[in-house]
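End of the sequence shown sits at 981 in this note's numbering; the numbers just go up one at a time, nothing left out.
Built from N, CA and C at the ideal position, the CB exists for glycine as well.
Since we're looking at a predicted model, the values are computed, not measured.
In what follows, a structure is listed as structure tokens, so that the remarks can point back to it.
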Amino acid sequence: MAKSPAAARSEIRRMRRIRRIHFVGIGGAGMCGIAEVLLNLGYEVSGSDLKVSAVTERLESFGAQIFIGHRAENAEQADVLVVSSAINTSNPEVAIALERRIPVVPRAEMLAELMRYRHGIAVAGTHGKTTTTSLLASVFAAGGLDPTFVIGGRLNAAGTNAQLGSSRYLIAEADESDASFLHLQPMVSVVTNIDMDHMSTYGGDFNKLKATFVKFLHNLPFYGLAVMCVDDPFVREILPQVSRPIVTYGFDEGADVRAINVRHQGMQTFFTVLRRDREPLDVSVNMPGNHNVLNALATIAIATDEGINDDAIIHGLSGFQGVGRRFQVYGDLPVEGGSVMLVDDYGHHPREVAAVIKAVRSGWPERRLVMVYQPHRFSRTRDLYDDFVQVLGDANVLLLMAVYPAGEEPIPGADSRQLCHSIRQRGQIDPIYIERGVDLAPIVKPLLRAGDILLCQGAGDIGGLAPQLLQSPLFAAVEGQSK
Numbered sequence: 499m500a501k502s503p504a505a506a507r508s509e510i511r512r513m514r515r516i517r518r519i520h521f522v523g524i525g526g527a528g529m530c531g532i533a534e535v536l537l538n539l540g541y542e543v544s545g546s547d548l549k550v551s552a553v554t555e556r557l558e559s560f561g562a563q564i565f566i567g568h569r570a571e572n573a574e575q576a577d578v579l580v581v582s583s584a585i586n587t588s589n590p591e592v593a594i595a596l597e598r599r600i601p602v603v604p605r606a607e608m609l610a611e612l613m614r615y616r617h618g619i620a621v622a623g624t625h626g627k628t629t630t631t632s633l634l635a636s637v638f639a640a641g642g643l644d645p646t647f648v649i650g651g652r653l654n655a656a657g658t659n660a661q662l663g664s665s666r667y668l669i670a671e672a673d674e675s676d677a678s679f680l681h682l683q684p685m686v687s688v689v690t691n692i693d694m695d696h697m698s699t700y701g702g703d704f705n706k707l708k709a710t711f712v713k714f715l716h717n718l719p720f721y722g723l724a725v726m727c728v729d730d731p732f733v734r735e736i737l738p739q740v741s742r743p744i745v746t747y748g749f750d751e752g753a754d755v756r757a758i759n760v761r762h763q764g765m766q767t768f769f770t771v772l773r774r775d776r777e778p779l780d781v782s783v784n785m786p787g788n789h790n791v792l793n794a795l796a797t798i799a800i801a802t803d804e805g806i807n808d809d810a811i812i813h814g815l816s817g818f819q820g821v822g823r824r825f826q827v828y829g830d831l832p833v834e835g836g837s838v839m840l841v842d843d844y845g846h847h848p849r850e851v852a853a854v855i856k857a858v859r860s861g862w863p864e865r866r867l868v869m870v871y872q873p874h875r876f877s878r879t880r881d882l883y884d885d886f887v888q889v890l891g892d893a894n895v896l897l898l899m900a901v902y903p904a905g906e907e908p909i910p911g912a913d914s915r916q917l918c919h920s921i922r923q924r925g926q927i928d929p930i931y932i933e934r935g936v937d938l939a940p941i942v943k944p945l946l947r948a949g950d951i952l953l954c955q956g957a958g959d960i961g962g963l964a965p966q967l968l969q970s971p972l973f974a975a976v977e978g979q980s981k
């Protein structure tokens, strides 16, 4: 019989001398989930952010005290400050905390405290963390295990990116972007893939990034479990260095958990799972693309190891309703002769863009892809410039928005106008540059044909464009979702 949340709270050891926890940048995707779990554990939570959002309003409704703007007085009553890597010591709240010897800890260290007395499952990797973590939460819930989870995106079925469960399990993303995932000491760790991203953290040294993933896996106890995707060449490269029990997954014939007979049909993907010493398992997920098959395989590997029965695995995967901004279908936009399917996606790395384009080609082979893409960070655009030129040229129609700076200064030659020029020189498509999101509707509408898929993709403020298009007077939204 599952414990009540109150009973679960009573069994969790509290942080001594800590009553009030203050989050600097509480509205961030990595911060708000931890804040919500701490609120549900009974701590006083306050936080500051630069603007009101649905996230800050939700936390406020749960009892958090929210401040708009960063001021020293916001943090004066705190027993500890939690900060993201985007916050530095010049922040007035951090400055007053340091002056008064109030502990200032990175968000991953607070997540590590939540994980300390639980059976932690940490999902790491350059791509696929959010979806894999969300699938795990869904399958564990279907298995009656009621996990606590902290996810970097909104789990559609739960309406939130975090939840306090009544069991011993805590499932969370492990963020390599600032190497803070080294704070975590889980029982199970996943590495979905390793790619060149956030390289400034690692001094531009890819070998250092790979070595950090090995170090992360060695935070497991000797009886823990490393779950690793052998389809990824760099995961396969570090595998011999890992001195912990390992389960591998992928399409590779040597994988311990392997997918065969994959079939794509619109939003649905069907496949058969082969596991060592187990009967084949036929499953489906309501997500397109082979990259999501891999995310599901990682989930199946862990669920099988934890003893979750096959019926619960099948139900948890087939009933999964997706994650916000991960190939999120908003509905149909009417055009002459029919409609187009409107999709929003968070992908901001060439490999993620390529995976989504391939998913569209597999699930809807007869449709054109009209892509609106917003590069994220000048440094990423510079470092991966040639890859962006190649992959973005695979759309049928491409509209490029100005680079979302994310606090960076412009870098000569690493901007969207230059990307347009380089893509045009390849001779496949003629991209269109868009300075502002508000200009999109009148520019894109004449380019659309009945049956197209219109994809808005990127990690910046492009996330608000899909709902804006639905409400644009130039489009009268059609209810429902295309399949």
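{"Asked": "In the DSSP assignment, what residue or residues form a beta bridge with Tyr700?", "Found": "DSSP lists no partner for Tyr700."}
{"Asked": "Among Asp730, Val728, Asp842, Arg614, whose alpha-carbon lies nearest the alpha-carbon of His681?", "Found": "Arg614"}
{"Asked": "For Arg666, which residues of its own chain have a beta-carbon under 8 Å away from its beta-carbon, when the five flanking residues on both sides are left out?", "Found": "Arg616, His617"}
{"Asked": "Thr624 and Asp693 - do their beta-carbons sit closer together than 8 Å?", "Found": "yes"}
{"Asked": "Grab me the residues of Val522's own chain with a C-beta within less than 8 Å of its C-beta, minus the 5 sequence neighbours each way, in chain order.", "Found": "Gly545, Ser546, His568, Ala573, Leu579, Val580, Val581, Ser582, Ile585, Asn589, Glu591, Val592"}
{"Asked": "Rounded to the nearest angstrom, how far is the Cβ of Asn784 from that of Phe825, given a contact under 8 Å?", "Found": "At roughly 10 Å, the Cβ-Cβ gap does not stay under 8 Å, so Asn784 and Phe825 are not in contact."}
{"Asked": "I need the straight-line Cα distance from Ile594 to Asp577, nearest angstrom please.", "Found": "12 Å"}
{"Asked": "Buried or exposed: Lys627, going by 16 or more other Cβ atoms within 10 Å of its Cβ?", "Found": "buried"}
{"Asked": "Compute the beta-carbon to beta-carbon distance between Arg652 and Val870, rounded to the nearest angstrom, for a pair I have assumed lies under 8 Å.", "Found": "At roughly 21 Å, the Cβ-Cβ gap does not stay under 8 Å, so Arg652 and Val870 are not in contact."}
{"Asked": "Please go through the same chain and pick out, in chain order, the residues whose beta-carbon is closer than 8 Å to the beta-carbon of Gly978, but skip the five residues on each side of it.", "Found": "Residue placement at Gly978 cannot be trusted, given a pLDDT of 37 that sits under 50; the coordinates are not used to answer."}
{"Asked": "To which residues of the same chain is Ile736 closer than 7 Å at the C-beta, ignoring the five residues directly before and after it?", "Found": "Lys708, Phe711, Val712"}
{"Asked": "Confirm, please, whether the CB-CB distance from Ser877 to Glu906 is below 8 Å.", "Found": "yes"}
{"Asked": "Would Ala857 be called buried (16 or more neighbouring beta carbons within 10 Å of its own) or exposed?", "Found": "buried"}
{"Asked": "Classify Asp780: buried if its beta carbon has 16 or more other beta carbons within 10 angstroms, exposed otherwise.", "Found": "exposed"}
{"Asked": "Just list the alpha helix (DSSP H) runs in the region 722–755, keeping only unbroken ones of 4 residues or longer that don't cross its boundaries, in chain order.", "Found": "731–736"}
{"Asked": "Hey, could you find the ends of the alpha helix (DSSP H) Arg922 is sitting in?", "Found": "914–924"}
{"Asked": "Which stretch, first to last residue, makes up the alpha helix (DSSP H) that contains Phe886?", "Found": "883–890"}
{"Asked": "Have a look at Ile728 and Pro786 and give me their C-alpha separation to the nearest angstrom.", "Found": "One point to set straight first is that residue 728 is Val, not Ile, in the sequence displayed. For Val728 and Pro786, the distance between alpha carbons rounds to 21 Å."}
{"Asked": "Using DSSP bridges, identify the partner residues of Leu668.", "Found": "Gly618, Thr646"}
{"Asked": "By Cβ distance below 6 Å, which residues in the same chain neighbour Gln872 in space, the five residues on each side in sequence not counted?", "Found": "Met899, Tyr902, Gly956, Gly958, Ile960"}
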